[in-house]
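One structure below.
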Ligand SMILES: Cc1cc2nc3c(=O)[nH]c(=O)nc-3n(C[C@H](O)[C@H](O)[C@H](O)COP(=O)(O)OP(=O)(O)OC[C@H]3O[C@@H](n4cnc5c(N)ncnc54)[C@H](O)[C@@H]3O)c2cc1C
């Protein structure tokens, strides 16, 4: 890595961050003829932000296999006789996004995200990122056929690490320098417009002048004080699933120069996460501390009681909000309990070495092994649950099968199987926070708006920093798509602004 002399750098576009959104912004700005510089708070060895930790779910609309082939041409040569990809239309994507966010998602942002998603997927693939069918994760084999549910047909091959490897190589080929261990600490705004950034570099502060600045430096999920302040009491105790560097600095910097806070500041994406996982993500384990297959079992708290409908929907529609339910439970933990009938449906994350698991051949023996759980309460819960299962309705993991319980205080409305087949196995989880939903308000060109809805000339935002897309819940695979979509847009807009600052932005404020 050649040393960068930041005192002499004067890029057209300065990108803050070096995760997925930032890399897409840098590539896009470069495609639009800008000289680009990237600043990254993390040292080289910890680079990649939350994007590194992703499994690679990537949500985009497609009308059929032809659209998938346009993203992944090699698919045309594969034998797809036993695969039913179905379709995932823009309308379905809108329906999912709006239903999951309780109809609060900003319609303009949603429109940009959803209508551009197929084109964004093709663009990402053109940058060299490889995709593959999400068999086993988003489709189960039933009667010899894989049938996709939930819209996530293609995943990023190799997940976050491979995606980033490709994007870093791309940026390097373009000659875009990245200054690592160089956090931006302040934005420079002169005569209304952004003219650069102050950063900390090798123990000193340095002012870097730029034609435009793209902030793509994450939310405040890594910052316990901000989590407690905005998400509420208890959230400072949550584990962080990803990077330790998303401390909310970008949001603070933007607000310090008058950017408008926007979106669900008391909301976040959080999941069930192994109780013994480290405080922040482990680069070697990635997303595997997550435990997403609770729809095939039951969830119990310290009282041994169920506290949510585990089968309300496919996990991709509930996993991101059920982490918050664990914060509300005594001791902030839960156990996920399964029997042998569904073991084959559990994903690889249940079989990693660093898993907190209990197993027994009887429910009574298991009850004694569920640390922190009232054994009597647990056995009562299972007895009542087993008796309430509508076993006359066939079980099918690929559809909302309607195999419900009946008459419980909280019914399980799909995939309700009695726990009756040993060995019984259980997994100890707490809340793992993924990313926060609050951000700044951006325009259709990814320009950051001020408190009064005016554009701050020369300032753009992308990725987790964008507020207004997600409220309450989230559809899996949308984070990477949002980062790529708004990163690409911000990069292109910033490049155009840097070349012609008077005609855009500044004039818009006049
Ligand atoms: C375990 C896990 C699994 C996930 N799985 C998926 C998935 O399968 N599909 C999906 O779509 N989404 C997934 N997500 C969500 C997804 O990772 C994020 O939504 C997305 O990657 C965010 O991209 P970003 O570029 O905005 O942020 P990041 O990738 O976090 O990048 C932000 C960067 O900014 C840097 N930074 C912070 N402060 C500063 C500063 N002051 N100056 C300079 N740099 C700074 C950080 O170090 C970081 O590198 C997952 C997240 C996690 C944690």
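Numbering (the numbering used here), first residue to last: 2 to 511.
Glycine residues also receive a C-beta, built at the ideal position from the N, C-alpha and C atoms.
Contact defined as beta carbons within less than 8 Å: I believe residue i pairs with residue j. What is the distance between those atoms, to the nearest angstrom?
| i | j | result |
| --- | --- | --- |
| residue 252 | residue 466 | 6 Å |
| residue 487 | residue 464 | 7 Å |
| residue 485 | residue 101 | Incorrect: roughly 20 Å between the Cβ atoms, too far for contact. |
| residue 474 | residue 329 | In fact, because the Cβ distance is near 16 Å, the residues do not count as touching under 8 Å. |
| residue 360 | residue 297 | Rounded, the Cβ-Cβ distance is 16 Å, inconsistent with contact. |
| residue 106 | residue 61 | Wrong, their Cβ atoms sit about 16 Å apart, outside the cutoff. |
| residue 302 | residue 335 | 6 Å |
| residue 59 | residue 481 | 5 Å |
| residue 201 | residue 254 | That pair is no contact at about 13 Å. |
| residue 132 | residue 158 | 6 Å |
| residue 172 | residue 24 | 6 Å |
Within 10 Å of its beta-carbon, does residue i have 16 or more other beta-carbons around it, so buried, or fewer, so exposed?
| i | result |
| --- | --- |
| residue 508 | Per-residue confidence for residue 508 stands at a pLDDT of 40, beneath the threshold of 50, marking its modelled position as unreliable; the derived number appears in the next sentence. Classification of residue 508: exposed, given that the 10 Å Cβ count is below 16. |
| residue 394 | exposed |
| residue 337 | buried |
| residue 45 | exposed |
| residue 504 | Unreliable placement is indicated for residue 504, whose pLDDT of 48 sits below 50; the coordinate value is still reported in the next sentence. Under this definition residue 504 is an exposed residue. |
| residue 12 | buried |
| residue 289 | buried |
| residue 104 | exposed |
| residue 275 | buried |
| residue 355 | exposed |
| residue 53 | buried |
| residue 510 | Reliability of the predicted coordinates at residue 510 is poor, the pLDDT of 42 falling under 50, and the value obtained from them is presented with this limitation in mind. Counting Cβ neighbours within 10 Å, residue 510 comes out exposed, since fewer than 16 surround it. |
| residue 179 | buried |
| residue 222 | buried |
| residue 78 | exposed |
| residue 21 | buried |
| residue 421 | exposed |
| residue 210 | exposed |
| residue 345 | exposed |
| residue 410 | exposed |
| residue 448 | buried |
| residue 506 | Summary for residue 506: the model assigns pLDDT 46, below 50, so the residue's position carries little reliability; its value from the coordinates is reported in the next sentence. The residue in question, residue 506, is buried, as its Cβ has 16 or more Cβ neighbours within 10 Å. |
| residue 121 | buried |
| residue 408 | exposed |
| residue 8 | exposed |
| residue 377 | exposed |
| residue 399 | buried |
Bridge partners of residue i, per DSSP?
| i | result |
| --- | --- |
| residue 437 | 269 |
| residue 191 | 194 |
| residue 89 | 63 |
| residue 361 | 425 |
| residue 262 | 441 |
| residue 518 | Here the chain comprises residues numbered 2 to 511, so residue 518 is not present and cannot be evaluated. |
| residue 39 | 16 and 179 |
| residue 199 | 187 and 208 |
| residue 240 | 433 |
| residue 336 | 301 and 429 |
| residue 461 | 215 and 448 |
| residue 84 | 147 |
Compute the distance between the beta-carbons of residue i and residue j, then report whether it is under 9 Å.
| i | j | result |
| --- | --- | --- |
| residue 135 | residue 149 | yes |
| residue 498 | residue 454 | no |
| residue 433 | residue 244 | no |
| residue 388 | residue 417 | no |
| residue 198 | residue 461 | no |
| residue 351 | residue 292 | yes |
| residue 212 | residue 500 | yes |
| residue 37 | residue 16 | yes |
| residue 72 | residue 155 | yes |
| residue 512 | residue 299 | In the structure as shown, the chain begins at 2 and stops at 511. Residue 512 is therefore absent and cannot be evaluated. |
| residue 492 | residue 29 | yes |
| residue 240 | residue 310 | no |
| residue 182 | residue 203 | yes |
| residue 496 | residue 35 | yes |
| residue 277 | residue 249 | no |
| residue 232 | residue 437 | yes |
| residue 439 | residue 262 | yes |
| residue 435 | residue 242 | yes |
| residue 353 | residue 286 | yes |
| residue 57 | residue 86 | no |
| residue 320 | residue 272 | yes |
| residue 164 | residue 238 | no |
Please decide whether residue i counts as near chain C, where near means a Cβ-Cβ distance under 9 Å.
| i | result |
| --- | --- |
| residue 259 | In the displayed structure, chain C is absent; only one protein chain is listed. |
Contained beta strand (DSSP E) runs [length at least 3] in the stretch 268 to 319, N- to C-terminal order: List check, beta strand (DSSP E) in window: 269 to 275 and 299 to 301.
Runs of beta strand (DSSP E) wholly within the stretch 97 to 143 (minimum 3 residues, chain order): Correct list: 132 to 134 and 140 to 143.
Alpha helix (DSSP H) segments (min. 4 residues) lying fully within the stretch 372 to 423: Within the stretch 372 to 423, the complete alpha helix (DSSP H) runs of at least 4 residues are 376 to 389.
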